[in-house]
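Read through the structure below, which is laid out as structure tokens, and then see the notes.
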Amino acid sequence: MGRLSKSVSPHFRAILAGNRSEEVVGWCRTRSPEAHLQDLCGGGRATPVLLSNNAEDRLFAPDAALLYRQALHGAGCRVETMIHEGIHAMAELPGMLGFSDAVATSSPLWSRVLAFLDANLKPGAAPPPPPPPALSFQLRQPEASVFKNYVPVYLDFDSWPSPRVQPSSYRLRGDALAPPQARDVAAPSPPPKAEECTRRLAYGPDTGFSGGVPLLSPFVSAAAGVQIKSYRRAINSSSAALFVAPPQAAPLRVCGIPNATFHASSSMDRFQLAARVFSMAPNGELELLSFGARDVWHRGPDPPCLRPDGITDERGTPRGLVGPPRRYLRPDDVRDNWDVPAGGAGEVVVRMAALCTDVPAGNAVALGLSLHDPTRAAANSDVALRVDVGCCGASALWLPVVGASGGAAL
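According to our numbering, the sequence shown holds residues 2 to 411 in order.
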């Protein structure tokens, strides 16, 4: 892979520290793959590109792979995209375990890669292959296992974003999620009071949510169908919250990138929120569908709908969260997590990993929230950290729901 430039380590440390100076930003932009799109695909070359990110390898932010796909497509590339399918791990693990390369290359995932290479690299009299669909998602199913001769099912989309996928919001209401159809038919009601729906979370690793084994569990889930599960009865209510929607009357197909928006107020400038989307069975078993976390490095103004007396930390020190908004920084990279809409209330937006799966009839969509994520380092791990999350305004889980006309597997 060659020897790293001496400039890499100090700039990498600066990025992790939230340094957004012009020098650091310029260094990143020069080395960004998006800076070379015209060299790759411009001039009518229509270069074929296979874009694949692993099930959980941190090469991309949750939605960066799809954004990069859009940039490649706009530059004229012919892009085939594979999202969160574990292709890298499927290449590496068999060799690490002492198996032959045939074990990896015989998997359905690698058959797509080899077909792409054959079609675009081998000369022949056959006409060039038709352009690939804009995006293919592998539909996650319980029986999905490369060890059972399982043939993956894909959903193909001719364009992305697709009109077949509609964002559906599940609003936070106390300990519940109000699905879109419930709000559509319900009579208007006054907004809940802050004390009725504000949840206070304390920092601590004992949340009750299982993250599985970092790096390994997401791959095992993708390759062998072994799901990461938690249980409602085990959730620690002081350090975690679970918001549950009504059970599904019919299967719900979700395909795309889920996001969650929270109105939050923190006892300290730095904090983080970790969100998880579950399919909850009637017995309280929580199957992890997607997860993500965001760090807030410089806290902005507080939502007016939270507790008017402000929040104190564990030591009883008032933090003065009510009053004139503080000056805050808003860098535009993935590590900034504080957005301020026109109304002035602080919002934290958590982007989660792409998914394509079904929530069965009888199961409920659930949203888990905590200040601790076992798969990553926290912006603030002080045990005195307290964060209030309110159900006011736009606090909601947004799911990319495939409509009835677009739910057929291809």
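Glycine included, every Cβ here is placed at the ideal spot set by N, Cα and C.
The three-state secondary structure of Leu5, taken from DSSP, is coil.
With contacts defined as CB atoms closer than 9 Å, Ala355 and Ile258 qualify as a contacting pair. Restricting attention to Val366, Met281, Arg352, Val166, the CA atom closest to the CA of Lys230 is found in Met281. In the DSSP annotation of this structure, the continuous segment of the alpha helix (DSSP H) that includes Gln39 starts and ends at 38 to 42. The beta carbons of Gly212 and Thr376 sit closer together than 9 Å. Rounded to whole angstroms, the Cβ separation of Ser396 and Arg172 is 7 Å, and the two are in contact under 8 Å.
For the 9 Å CB-CB criterion, Cys357 and Ile84 form a contact. Under a 10 Å Cβ-count criterion, Arg4 is classified as exposed, with fewer than 16 other Cβ atoms of the shown protein chains found around its own Cβ. Bridge pairing for Thr82: Leu52 [DSSP]. One alpha carbon belongs to Val25, the other to Ala179, and they sit about 43 Å apart. The alpha-carbon of Pro162 is positioned some 23 Å away from that of Arg277. Its Cα nearest to that of Val384, the residue Ser268 stands out among Arg21, Ser268, Leu68. Bounds of any beta strand (DSSP E) do not take in Gln228, whose DSSP letter is neither H nor E. Annotation note: the region 228 to 284 contains the following uninterrupted beta strand (DSSP E) runs of length 3 or greater, listed N- to C-terminal: 230 to 232, 241 to 245, 253 to 257, 260 to 267, 272 to 281. Taking C-beta atoms as the reference points, Asp389 and Arg200 count as a pair closer than 9 Å.
In the structure shown, Arg21 falls within a coil segment according to DSSP collapsed to helix, strand and coil. Per the coordinates, the alpha-carbon of Pro131 lies some 12 Å from the alpha-carbon of Val80.
Distance from the Cα of Ser170 is smallest, within the candidate group Val366, Ser382, Leu370, for Val366.
By the beta-carbon neighbour count (other beta carbons within 10 angstroms, threshold 16), Thr262 is buried. The beta carbon of Ala76 sits closer than 8 Å to the beta carbons of Leu38, Gln39, Leu41, Cys42, Gly43 from its chain, once the five residues preceding and following it are set aside; these are given in chain order. DSSP places Arg172 inside the beta strand (DSSP E), whose first and last residues are 166 to 174. Residue environment analysis places Thr82 among the buried positions, since at least 16 neighbouring C-beta atoms fall within 10 angstroms of its C-beta. Here Asn260 is buried. Its C-beta has 16 or more other C-beta atoms within 10 Å. With fewer than 16 neighbouring CB atoms inside 10 Å of its own CB, Leu115 falls in the exposed class.
Comparing C-alpha distances from Gln273 to each of Val152, Val350, Leu52 shows the shortest one belongs to Val350. For Ser240 against Asp207, the beta-carbon gap comes to about 6 Å, under 8 Å, which counts as contact.
In the DSSP assignment, Leu400 falls within the beta strand (DSSP E) that extends over 397 to 403. When beta bridges are read from the DSSP output, Phe138 appears opposite Leu156. By the Cβ-count criterion, Phe244 is buried, with 16 or more other Cβ atoms from all chains shown falling within 10 Å of its own Cβ. Looking at Ser53, Leu118, Leu290, the one whose alpha-carbon comes closest to that of Pro401 is Leu290.
Secondary structure of Val360 (DSSP, three-state): strand.
Between Ala177 and Leu370, the CB-CB gap reaches or exceeds 9 Å. As the crow flies, the alpha-carbon of Ala135 is around 26 Å from that of Arg32. Sequence-distant Cβ neighbours of Asn121 in its own chain, meaning closer than 7 Å and more than five residues away, are Pro49. At least 9 Å separates the beta-carbon of Tyr204 from that of Gly285.
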